[in-house]
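For the sequence shown, the positions run -27 to -1, 1 to 432 when mature numbering (1 follows the signal peptide of the UniProt record, and there is no 0) is used.
For every residue, glycine included, the Cβ atom is placed at its ideal position computed from N, Cα and C.
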Amino acid sequence: MKKLTMGLVPVALALTLGLSTSPVALAHQLPKAVEDQQMPSLAPIVAKVSPAVVSISVDGEMVTNAQAPELFQFFFGQQPPQMQGPHKTPFKGLGSGVIINADKGYIVTNNHVIKDASKIEVTLQDGRQFKAKVIGADPMSDIALLQIKAKHLTQVKMANSDDLKVGDFAIALGNPFGLGQTVTSGIVSALGRSGLNIEGYENFIQTDAAINKGNSGGALVNLKGQLIGINTAILAPGGGNIGIGFAIPSDMVQNIVHQLIKYGEVRRGMLGVAGGNLTPELAQAMGSSIQHGAFVNQVMPHSGAAKAGLKPGDIIVSLDGKPIHNFSELRARVATRGSGTTIELGIIRDGHELHVKATLQKPKSSQINANNISTALSGATLTNTDTKGEKGVEITSVKPNSSADQFGLKKGDIILGVNKHRVKNISELRNILKSKPDVLALNIKRGDAQLYIVVQQNQ
């Protein structure tokens, strides 16, 4: 900067004195540092990553009782008219996605981008368009995995988001407002953001890189062009960007995607502790100099935590060597690990740091939303059951006026078969419905009776 300022002084002086200065003379007076210096640019990084960022358009129908939820107000583009009673309302939506496996055509996006969609179309940067199928989705973490059949795709490499630091540069790519691919830049403003009530499990990267509606599911990358997060939400009191955006960390995304590919669903692990954030007051009461961590109030009997030797009063400060700042972060990071996974926890007990290994167990309740399997069954929740040695899929709840309710499904029904195929668990039910048959003949056990319920699939 000093060289540039000093180099311009003779030019300014010459102009002030009215001296004759030719363009050639001016060029000779500029310092070589300005002539030869290559201006810094994010263009090489953008050129590397942008082919892996896609636009996603969806069509579908949702059952509404009054006005559309806030999420779908964007899809409609304006406030829909007030409605009385249940209605099936068509919608169109736009979002973004990121190719993470070019060979298999896997694309990561947000669950809320493709929720209730009967048609999903992906547009690549080069203009090619493909229909996408849903491999799996996890509403609790707001991650969905799509697949397209295409050649010559470009994928983005995953970074280790645990290595991020506040102040690191970040670049956001996506499709805001349907304008087409757009790039913005900023920094990592904060890590481990939670308590926003956006998702079930929250451990967000906060960034001031401009994120707007339509950016959902797009890429947040570092200066190496590696994926550090999936852009998900913005804090927008006035409806526009104010420099506070949130992204799901890439490590969390990777854990979810691995399970969706392997099982078609997320098989969460459970540590077996209850607790809260470590506050300064609580730290002082416990005689601890540690100011951040997850305070353990209770350890569930026979849980992975109990078997690892955790005790009430312990302060969990790390997971697999990475810091834990609060209980919400611990909850989110544990929930995205699969059951059966062994983790190492750093804990503070009586002022001493200890390290223990715990194996995550299956949650006692393994309920999932039926609309993750079939839109025709949306509104029902399902869980595996084994009643008197007879295995099946139990319907644990049915939302009034939903598709499941309209087709006559009831709480307590047990699905034993579909289209003459025996069904013993949710995984088998999912595999049968992957082929999307036009009609579902559900063999239902209701109390002591058995019956068939015929369900027409959405096309």
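| Query | Result |
| --- | --- |
| Limits of the unbroken alpha helix (DSSP H) element including isoleucine 87 | 84 to 87 |
| Contiguous alpha helix (DSSP H) assignments of at least 4 residues, all confined to the region 333 to 395 | 376 to 379 |
| Cβ contact check for the region 307 to 317 and the region 232 to 248: 3 or more pairs under 8 Å | yes |
| Test item: CB-CB of isoleucine 346 and glutamate 367 under 9 Å | no |
| Where aspartate 32 falls: helix, strand or coil (DSSP) | strand |
| Per DSSP, the bridge partner or partners of leucine 424 | Ile417 |
| Residues that aspartate 111 bridges to, as DSSP identifies them | Ile116 |
| Three-state secondary structure assigned by DSSP to residue 440 | This structure cannot speak to residue 440, because the chain is shown only from -27 to 432. |
| Alpha-carbon to alpha-carbon, aspartate 89 and arginine 166 | 28 Å |
| Same chain, Cβ closer than 8 Å to aspartate 99, neighbours up to 5 away in sequence not counted | Pro24 |
| DSSP bridge partner residues for methionine 243 (one or two, in chain order) | Gln334 |
| Complete runs of the alpha helix (DSSP H) confined to the region 292 to 318 [at least 4 residues] | 300 to 308 |
| The region 254 to 262 in contact with the region 218 to 230 per 3-pair CB rule at 8 Å | no |
| First and last residue of the uninterrupted beta strand (DSSP E) at proline 149 | Proline 149 -> no beta strand (DSSP E), and no H or E assigned at all. |
| Distance between leucine 67 and alanine 183 (C-alpha atoms, nearest Å) | 17 Å |
| Between the CA atoms of aspartate 323 and isoleucine 73 - distance to the nearest angstrom | 45 Å |
| Contact set for leucine 292: own chain, Cβ-Cβ below 8 Å, skip 5 residues either direction | Leu303, Arg306, Val307, Ile316, Glu317, Leu318, Gly319 |
| Residue interval of the alpha helix (DSSP H) (run including isoleucine 215) | Looking at the DSSP string, isoleucine 215 is not in any alpha helix (DSSP H), and its letter there is neither H nor E. |
| Distance, isoleucine 203 Cα to threonine 157 Cα | 14 Å |
| Cβ separation of serine 114 and serine 223, assumed to be a contact under 8 Å, to the nearest whole Å | Contact doesn't hold; Cβ gap of about 13 Å is too wide. |
| Under the three-state DSSP convention, the category serine 189 falls into | coil |
| Element boundaries [alpha helix (DSSP H), containing asparagine 204] | Looking at the DSSP string, asparagine 204 is not in any alpha helix (DSSP H); the run it does join, the beta strand (DSSP E), is 200 to 207. |
| Proximity of glutamate 175 and serine 400 at Cβ, strictly below 9 Å | no |
| C-beta contact flag for leucine 164 and isoleucine 178 at 9 Å | yes |
| Residues sharing a beta bridge with serine 69, DSSP | Ser28 |
| Given leucine 208 as reference, the closest of Ala414, Val194, Gly168, Thr369 once Cα atoms are compared | Gly168 |
| Opposing strand residues paired with threonine 252 [DSSP bridges] | In the DSSP output, where bridge partners are listed per residue, threonine 252 has none listed. |
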